[in-house]
Amino acid sequence: MLRLYDTRRRAIHPVRAPGRAVTMYVCGVTPYDTTHLGHARTFLTFDLLARILEATGHPVRYVQNVTDIDESILQRAARDNVGWRELGKREERAYLADMKRLRWRRPDVICHATQELPAMFTLVRALERRGAAYTLPRGVYFPVAAQPRYGELSGLSAAAMKRILVGQDDAKLEDPGRRDPRDFALWRFVDDGPTWPSPWGRGRPGWHLECSSMIRHHLGDQIDIHGGGADLIYPHHENEIAQSETASRKRPFSRTWAHVGAMRLGGKKMSKSDGNMVFVRDALNVTDPRALRLYLLDRHYRKPFDHDEASLDRARLRAAALGDALGRGRSGAVGRAGPAREALSALEDDLNVVRALKIVEWAAPRAEAAERAELRTVARIVGVI
Ligand SMILES: [Zn+2]
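Numbering (this note's numbering) for the sequence shown: 15 to 399.
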């Protein structure tokens, strides 16, 4: 049984979904720029998680969003003098092509913010019925005072939250008259750029509302695993919990919160906004997809990852050596004992890929044919042969 670290409970717990599929939602991309190694590491972590569950007899229903309307898309489209829809569609196609080359276990549903407005309105109406929405000149807001456990996920003090909010892109769009500076927009009234009609007036949806609504629409009020980059813990995931649990009165919204550590370059987080990125397609010019998977997954997912060209090069040699040692034959069912079982158990232990690969690499050259077939199964779950 897969065991995962839950950010909310701050401990490792088993993922249980008896008699049904494990439901998983991962926050996806805002498609205005090319897929970088940070995205790939995050999405491959959840790809691996789904592959482990499926390989061990647990079906998975995996949903991921595309934030196809956002201030950053509009700004980039204006800068490059292209339509925002055209930019978003082009970048989404490029991102899906990059992930396909990485042999991504594609989500069962890829949903788009612009297609989910009715689900968003339903959620805001539910919040209104709970007295958990109020309107100001620039938007409809969620009052964080409505959620007594607000801050439970991040463990941040109100002062620390306020410091983070000041640096957010949309800070200047907020009404200064909010009841609490941490109150966040469910719906924004804006007069420039694309807008949609809503029961509250024309505007654009708040970012946090999108994920809560899509989860409710595609997976229900409660899910098993919610994933994303660690930078999403506050404010995004904290706010998702506040909206969803206030609307449904069911707790927990997600049984497990899984967060992937930052990808860094030169000691700084790789990010579109800072422009210090290594793109997946450039990495694939100097290495192959299996080696890039090995490179990105061979570090515990919760730790930060410092990109380094020499290690990327070594990963190419390691993947080639592993492929040679394991050969191209069939996969064998993993037995109750032996190195393949130990390696699979390491994967099930909060995705300990580092240990699993060490075991496979040690055992492969020594293995008999049947054992090699079992080891191939584990290497194929990780996607490195
Ligand atoms: Zn999200």
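For glycine and all other residues, C-beta sits at the position ideal for the given N, C-alpha and C. Please read all numbers here as calculations on a predicted model, not as lab measurements.
Check	Outcome
Simplified DSSP state of THR149, which is helix, strand or coil	strand
VAL292 (DSSP reduced to helix, strand or coil)	coil
Three CB pairs or more closer than 8 angstroms across the segment 164-178 and the segment 232-239	no
contact_flag[the segment 121-136, the segment 80-94] where n(CB pairs < 8 angstroms) is 3 or more	yes
From ALA256, TYR76, SER86 and ARG99, residue whose alpha carbon lies closest to that of TYR164	ALA256
Residues of its chain near HIS231, where Cβ-Cβ distance is below 6 angstroms and the 5 sequence neighbours each way are ignored	ALA133
Segments assigned alpha helix (DSSP H), at least 4 residues, entirely inside the segment 185-270	221-232 and 252-262
Heavy atom of ligand 1 within 6 angstroms of CYS41 beta-carbon	yes
Three-way DSSP call (helix, strand, coil) for ALA35 in this model	coil
Coil, strand or helix - ARG278 by DSSP	strand
Three or more C-beta pairs below 8 angstroms linking the segment 278-298 and the segment 253-270	no
Selection from HIS273, GLY349 and ALA360 that minimises the alpha carbon distance to LEU58	HIS273
First through last residue of the beta strand (DSSP E) which encompasses ILE83	Run containing ILE83: none; DSSP gives neither H nor E here.
Nearest candidate by alpha-carbon position, reference VAL154, set LEU131, PHE203 and ARG90	PHE203
PRO379 beta carbon less than 7 angstroms from that of ARG115	no
Any non-hydrogen atom of ligand 1 closer than 6 angstroms to CYS225 Cβ	yes
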